[in-house]
Amino acid sequence: MTPLFTTKPDATLVKAQDAARAVLLEEVPATDVGEHLGYEVEVEAEKVVTHLFECTRPGYLGWRWAVTIARAPRQKDVTVNEVVLLPGADAIVAPGWVPYRERIQPGDLSPGDLLPVEDEDPRLVPTYSFGDDPLEPDDTAQVRQVAAELFLGRVRTLSVEGRDLAAQRWYDGDGGPEAPLAKSAPASCTTCGFLVRIAGPLAEMFGVCANGNANDDGRVVSFDHGCGAHSEVKLSRKNQPQPPPEHAFDSLSVDDFETF
Ligand code: SF4
Numbered sequence: 003m004t005p006l007f008t009t010k011p012d013a014t015l016v017k018a019q020d021a022a023r024a025v026l027l028e029e030v031p032a033t034d035v036g037e038h039l040g041y042e043v044e045v046e047a048e049k050v051v052t053h054l055f056e057c058t059r060p061g062y063l064g065w066r067w068a069v070t071i072a073r074a075p076r077q078k079d080v081t082v083n084e085v086v087l088l089p090g091a092d093a094i095v096a097p098g099w100v101p102y103r104e105r106i107q108p109g110d111l112s113p114g115d116l117l118p119v120e121d122e123d124p125r126l127v128p129t130y131s132f133g134d135d136p137l138e139p140d141d142t143a144q145v146r147q148v149a150a151e152l153f154l155g156r157v158r159t160l161s162v163e164g165r166d167l168a169a170q171r172w173y174d175g176d177g178g179p180e181a182p183l184a185k186s187a188p189a190s191c192t193t194c195g196f197l198v199r200i201a202g203p204l205a206e207m208f209g210v211c212a213n214g215n216a217n218d219d220g221r222v223v224s225f226d227h228g229c230g231a232h233s234e235v236k237l238s239r240k241n242q243p244q245p246p247p248e249h250a251f252d253s254l255s256v257d258d259f260e261t262f
């Protein structure tokens, strides 16, 4: 049987696959145990070997029974460390657990939901300092209250990192130059009369679309974004609406009709 690791195994333990199977059959029904699939050797403990057996239990395709056995130095007897069921490379397993905070996507918030920001969120920096010494929560609240009364503004503001992350996200998103709408646009937002300029460091690259007929109305767009609702778009002559035909004057009277 081919070893799954290259560390030199203990020959007695390798040969003890029947003993490993016997131990396994004490734990699970024989109908759940299939062929011997091989063995693994602990990287830093050559006198510990894990024998692997196919799991034939319905619903456990690709899973393997792992029976770990060991032998003390200068001892003939093999002892059993553990018997467990492990997923193999092709096993169907549940997706990895993702913390709640990382599972939330834009658009997941419903009315009434709260999504607090961590104190150490790198996207934010304090607008003003509480002093060199760490303050008690009550003192911090007092400082915040005084700051509010002095109109010092927001407690925290966007950090450089937070700003850069937002800029990259916007540029790569639907309001950037790679959006399908922008790629087939006749001209870019920078020449569009519907672009509203913004203030601050992001003003050199972004604005807000104010065209109520455009898909991006009310959204941040990069200057090199664009769409077919650009203010200077003109239809070619052949695409312009055709004028209605001249009115026809019906001169037929009842008398004319009776003469026929
Ligand atoms: S209408 Fe189109 S081109 Fe004009 S600002 Fe909005 S997205 Fe840009």
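If you're matching positions, the sequence shown starts at 3 in our numbering and goes up one per residue. Heads up, the beta-carbon is just placed ideally off N, CA and C, and yes, glycines get one too.
Taking one C-beta from the segment 155-166 and one from the segment 210-219 each time, how about it: are there three or more such pairs within less than 8 Å?
-> no
Going by other Cβ atoms of all chains shown within 10 Å of its Cβ, with 16 needed for buried, is ILE94 buried or exposed?
-> exposed
Could you tell me whether the Cβ atoms of HIS227 and SER190 are closer together than 8 Å?
-> yes
What is the C-beta distance between VAL80 and THR33, in whole angstroms, given that I count them as a contact (C-beta under 8 Å)?
-> Their Cβ separation, rounded to whole angstroms, is 25 Å, which puts VAL80 and THR33 out of contact at 8 Å.
Can you tell me the Cβ-Cβ gap for HIS53 and ALA22, rounded? I've got them flagged as a contact below 8 Å.
-> 4 Å
Any heavy atom of ligand 1 within a distance shorter than 7 Å of the CB on PHE196?
-> yes
Sort PRO108, ASP257, VAL51, ARG125 by Cα distance to LEU167 and report the nearest one.
-> ARG125
For the alpha helix (DSSP H) containing TRP172, list its first residue and its last residue.
-> 162-174
Ignore the nearest five residues each way along the sequence and tell me which others in THR192's own chain have a CB closer than 6 Å to its CB.
-> PHE225
Locate the beta strand (DSSP E) running through VAL198, then write down its first and last residues.
-> 197-199
Using the C-alpha atoms, what's the distance from ASP252 back to ASP176?
-> 56 Å
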